[in-house]
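Novice: The structure's right below; bear with me while I get my questions together.
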Amino acid sequence: MEGVAYQIRSMLEAMRALDSGMSLVLFGGGAKSALWCQIIADVTGLCIQVPRVAEAAGAGAAILAGIGVGAFRRETPPSLAIETSYLPKERAGLYNEAYTRYREIERRLWAHESK
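Heads up: the sequence shown begins at 1 in full-length UniProt numbering, then just goes up one per residue.
In structure tokens form, the structure reads like this:
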């Protein structure tokens, strides 16, 4: 789980260069696991928000399409309202140290791959 969370953090770091006001909403099967949500919060240092309806991908796509054609206003519907938030906890420091090692291992693997 941590390896996936480290890769998410790596992608978020690239995205932060474009937008510093980032938040993270988690949905789908993983959003049903409090442990998974907390690990992602601790690894990324972000508040992880989970909507009331965790399987929100289809609903979100339909709402965005509705907004795009003017059928809906830009308000968050109650079903997609945030129900739970996970803040980074004291383990975040341990994950920062491990993430530094993860990135170094990743760098070495890529260097070896290019030979």
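Idealized CB from N, CA, C, for every residue including glycine.
Quick caveat: nothing in here was measured; it's all calculated off a predicted structure.
Tell me whether the stretch 44-51 and the stretch 23-30 touch, counting them as touching only if at least three CB pairs, one residue from each stretch, are closer than 8 Å.
Specialist: Because the criterion of three Cβ pairs below 8 Å is met, the stretch 44-51 and the stretch 23-30 touch.
Novice: Would alanine 56 pass as a contact of tyrosine 86 if the rule is Cβ separation under 8 Å?
Specialist: Going by C-beta atoms, alanine 56 is not nearer than 8 Å to tyrosine 86.
Novice: Go through its chain and collect everything with a Cβ distance to alanine 5's Cβ below 6 Å, but skip five positions before and after it.
Specialist: The answer, listed in chain order, is Ile39, Ile40, Val43.
Novice: Buried or exposed, going by whether 16 or more other CB atoms sit within 10 Å of the CB of isoleucine 63?
Specialist: It counts as buried.
Novice: Relative to the C-alpha of leucine 80, which residue among Gly60, Ala98, Gly29, Arg91 is closest?
Specialist: Of the candidates Gly60, Ala98, Gly29, Arg91, the one whose C-alpha sits nearest the C-alpha of leucine 80 is Gly60.
Novice: Measuring alpha carbon to alpha carbon, tell me which residue in Ser10, Thr84, Arg91, Ile105 is nearest serine 33.
Specialist: Ranking Ser10, Thr84, Arg91, Ile105 by Cα distance to serine 33 puts Thr84 first.
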